[in-house]
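The structure appears below as structure tokens.
Residue numbers (the working numbering): 568 to 707.
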């Protein structure tokens with residue numbers, strides 16, 4: 568069932584087995600087991616740990632377009648994947664989508680976006696994000 572698959576995907580994520588996590592997601596689809604927000608969050612996180620930002624981005628797109636839904640964890644996982652791989656433009660795009668959809672921003676998400684800017688030597692954009700955090704009173 569969904570909970571069993573989600574737990575196993577999360578275990579693969581924590582064990583650094585991103586490819587196995589994605590295989591399990593594929594099995595869920597083939598077996599017509601319902602995928603939920605937790606399924607996609609765990610799969611995006613596993614992709615992030617594997618440095619697979621493109622896979623994270625694809626999973627993020629599916630999660631936000633399907634009836635599955637997304638939440639702050641979905642965004643932070645996808646932004647974190649971009650940050651890990653130095654894809655600051657993609658991270659900022661996701662951060663912008665998060666704001667457009669009025670998903671509550673937190674320190675973790677903001678820090679991931681700022682860190683992506685830092686890795687891309689985009690200090691002005693990092694300062695802008697910090698100012699936005701202060702303006703929106705994101706707690707640190």
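Quick reminder that beta carbons are idealized off the backbone N, C-alpha and C, glycines included.
Is it the case that the Cβ atoms of residue i and residue j are separated by a distance below 8 Å?
{"i": "residue 630", "j": "residue 637", "result": "yes"}
{"i": "residue 583", "j": "residue 616", "result": "yes"}
{"i": "residue 609", "j": "residue 639", "result": "no"}
{"i": "residue 626", "j": "residue 646", "result": "no"}
{"i": "residue 597", "j": "residue 579", "result": "no"}
Put residue i into one of helix, strand or coil per three-state DSSP.
{"i": "residue 616", "result": "helix"}
{"i": "residue 665", "result": "helix"}
{"i": "residue 584", "result": "coil"}
Output needed for residue i: all residues of its chain with C-beta closer than 6 Å, excluding positions within five of it in sequence on either side, in chain order.
{"i": "residue 684", "result": "655, 692 and 693"}
{"i": "residue 665", "result": "642"}
Mind checking residue i: buried by the 16 CB within 10 Å criterion, or exposed?
{"i": "residue 621", "result": "exposed"}
{"i": "residue 657", "result": "buried"}
{"i": "residue 651", "result": "buried"}
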